[in-house]
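**Q** Using this note's numbering, read the sequence shown as starting at 203 and increasing by one per residue. Even glycine gets a Cβ: it sits at the ideal position worked out from N, Cα and C. Attaching a single structure in structure tokens format; questions to follow.
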Amino acid sequence: MNTAMDAPVGVRLRLAHGFLEHLAHSRGIRLLHIKGVALHPLLRERRHPSTDCDVLVHPDDVAAFTEGLSASGWDRLTRFEHGSVFRHAATYHSEVWGTVDVHRCFPGIDRDPRSAFEQAWERREHVELGGRLCAVPDLEMQRLVLLLHAARDREGRRAGDVDAAWHRASTAERERIDALADRLGATVPLALATGRPERAHGLPGERVWDALGRGADPTEVWWARLHDARGPRARARVLVSALHVNPDHLRLRLGHVPTEAELRHEWWARWRRLLNHSSRLLRRDRGGSAGR
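This is how it looks when you write it as structure tokens:
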């Protein structure tokens with residue numbers, strides 16, 4: 203029997219967005235469709251086709267939305283806590299519709315997720331996807347989202363997204379993007395993504411976003427997070443999370459739910475990697491200081 207998975211990818215993704223909108227609407231959930239087939243044509247025309255869906259959910263509605271996904275046959279692949287250093291998204295998969303990344307915030311505009319969502323929602327527009335009118339951010343916010351994604355995407359679509367969202371924008375449009383980023387606390391990643399590091403100098407998050415943009419190894423990213431953390435409690439949380447084993451990624455890597463023994467083995471391996479990488483970073487930093 204034919205299913206949505208038999209349809210061309212672009213068609214299936216539009217249908218999937220339509221289903222996600224139906225699910226949100228039926229539960230009174232506010233949802234913004236971001237990236238992929240939901241992008242404005244000006245930003246999508248030179249992009250490689252997407253293979254999954256991305257949605258941004260109001261923080262107060264995340265639990266209701268993910269419960270709805272599970273009740274509709276979607277399987278959770280990764281949790282919010284383990285999806286990335288920003289803990290911003292969980293991934294769900296459906297045999298019918300494919301994969302969706304459910305964002306409870308977006309990296310770079312995560313200082314106040316509720317306020318950021320409200321501002322994006324107030325400026326929302328609508329596009330037809332899968333037979334439903336779906337709310338999307340306006341073009342200015344879509345440009346910012348692409349640029350913030352580019353700030354942590356060393357490979358893939360980075361150059362094309364920066365070109366479409368920044369270099370091909372007018373001076374007035376760039377000024378509005380800068381102003382929007384400043385209001386949302388996204389000055390640092392936007393500055394680094396657009397080649398203006400002087401605008402990020404000395405601001406919170408500079409080291410983390412610089413490390414992500416350079417494609418630094420995980421240990422260097424954790425060191426950057428530790429440096430950027432404000433206060434002993436924040437630093438303690440970074441240290442704990444640095445040593446925490448990601449059971450979702452381990453399950454995907456092993457192909458089965460990890461046993462207690464496998465989790466312990468990964469924990470010790472993580473310790474060893476952290477110590478080895480940290481030693482190399484310290485030697486490098488000392489060598490750089492001695493040469494100056």
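1. With 16 other CB atoms within 10 Å as the buried threshold, where does G238 fall?
2. Rounded to whole angstroms, how far is the Cβ of L349 from the Cβ of A374, which I believe are closer than 8 Å?
3. Write down every uninterrupted run of the beta strand (DSSP E) in the stretch 240-323 whose length is 3 residues or greater and which is fully enclosed by it, in chain order.
4. In whole angstroms, what separates the C-alpha of L217 from that of S274?
5. Assign D208 to one of two classes, buried (16 or more other C-beta atoms within 10 Å of its C-beta) or exposed (fewer than that).
6. Whose CA, out of L341, L331, R376, lies closest to the CA of R325?
7. Between R232, A318, R249, which has its C-alpha nearest D363's C-alpha?
8. Mapping the DSSP letters down to three states, classify L405 as helix, strand or coil.
9. Going by beta carbon distance, what residues of the same chain come within less than 7 Å of R232, once the five residues before and after it are set aside?
10. Evaluate contact between the stretch 285-292 and the stretch 301-310, counting only Cβ atoms and requiring at least three cross-stretch pairs below 8 Å.
11. At least one CB of chain D closer than 8 Å to the CB of S228: is that the case?
12. Can you pull the DSSP bridge partners for R432?
13. Going by the CB atoms, is the gap between L394 and D380 shorter than 8 Å?
14. If you compare alpha carbons, which of D419, A418, G417, H242 is closest to E327?
15. When burial is assigned at 16 or more other CB atoms within 10 Å of the CB, is L346 buried or exposed?
16. Mind checking whether L271 and L234 have CB atoms under 8 Å apart?
17. Tell me which residues share the same chain as R334 and place their Cβ nearer than 7 Å to its Cβ, disregarding the 5 neighbours each side in the sequence.
18. So what does DSSP say about L222, is it helix, strand or coil?
19. Within 10 Å of its beta-carbon, does H351 have 16 or more other beta-carbons around it, so buried, or fewer, so exposed?
20. In or out: L256 buried (at least 16 other Cβ within 10 Å) or exposed?
**A** The relevant details are as follows:
1. buried
2. 16 Å between Cβ atoms; not a contact.
3. 255-259, 277-280, 291-296, 300-305
4. 15 Å
5. exposed
6. L341
7. R249
8. coil
9. H260, D263, W323
10. yes
11. No chain D appears in the structure shown, which is made up of a single protein chain.
12. DSSP output for R432 lists no bridge partner at all.
13. no
14. H242
15. buried
16. no
17. G220, E223, H224
18. helix
19. buried
20. Sequence inspection shows Asp at residue 256; the Leu mentioned does not correspond to that position. Buried.
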